[in-house]
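Structure first, commentary second.
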Amino acid sequence: MNDKIAKLLNEQINKEFYSAYLYLDIANFYDSLDLDGYANYYTIQAQEERDHALLFMKYMQNNGLKVTFEAIGKPDKEFNSVLDPLLVAAEHERYVTSLINDIYHAAHEGKDYRTMKFLDWFVDEQMEEEDNADSMVSRYKLFGSDPKGLYSLDQEYGQRIYTAPSLVL
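The sequence shown begins at 0 in numbering that gives the first Met the number 0 and counts up by one.
Shown next as structure tokens:
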């Protein structure tokens, strides 16, 4: 594996941990509003992002590469409404997709087919993540301004359970 791809993979580990940190911040915001379902959803989202970081880490280790952890930045977004974190999450998922695409592009240019195959799962995962984030924004815009609608959405998101990724390395 060339140095550029190894560097991008290592950076992605740290960015996935940042994603987990961001989603914990969002969960904390919703918890402060007593929106336990939304808080549950984003707590689980944080678990997923942490597991994504661990998958990247294991892939690097399996390829004999050194993993270097960097400081994780403090989430810097201000939330003033129930909608704000949903918009931030949707934007963040698009950003993560761009990062995965950049690594995939570098792997393609470097003819690193093993890394491309590894990233295929993340490409599919990001499509799902963006769809879920966009759906949460749309559904809030449709129903969230009505207290009964917000209550119903919150109850639905409270039913989410954690399922670990099925990617085998």
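Don't be surprised by glycine CBs; every beta carbon is placed ideally from N, CA and C.
query	result
Go ahead and pull the three-state DSSP assignment for Ser-18.	helix
Would you say the stretch 149–157 touches the stretch 107–116, given that touching needs at least three Cβ pairs under 8 Å?	no
Quick one: what does DSSP say Val-81 is sitting in, helix, strand or coil?	coil
Are Glu-129 and Glu-92 closer than 7 Å when you measure CB to CB?	yes
According to DSSP, is Tyr-41 part of a helix, a strand, or is it coil?	helix
When the Cα of Leu-21 is compared with those of Leu-8, Val-95, Ala-106, which residue comes out closest?	Val-95
Whole angstroms is fine: what's the gap from Val-66's alpha carbon to Arg-159's?	32 Å
Let me make sure I understand the geometry here. Which of Leu-85, Ala-52, Ser-165, Met-115 has the alpha-carbon closest to that of Glu-10?	Ala-52
Would you mind stating whether Ala-88 and Leu-7 have Cβ atoms separated by less than 7 Å?	no
Measure how close the beta-carbons of Val-81 and Gly-36 come, nearest whole angstrom, since I'm counting them as under 8 Å.	Going by Cβ atoms, the distance from Val-81 to Gly-36 rounds to 12 Å, so no, they are not a contact pair.
CB Ile-99 to CB Met-56, shorter than 7 Å?	no
Return helix, strand or coil for Val-136, following the three-state DSSP convention.	helix
Which word fits Thr-42, buried or exposed, when buried means at least 16 other C-beta atoms lie within 10 angstroms of its C-beta?	buried
My output table needs one value for Arg-159: the three-state DSSP class, helix, strand or coil.	coil
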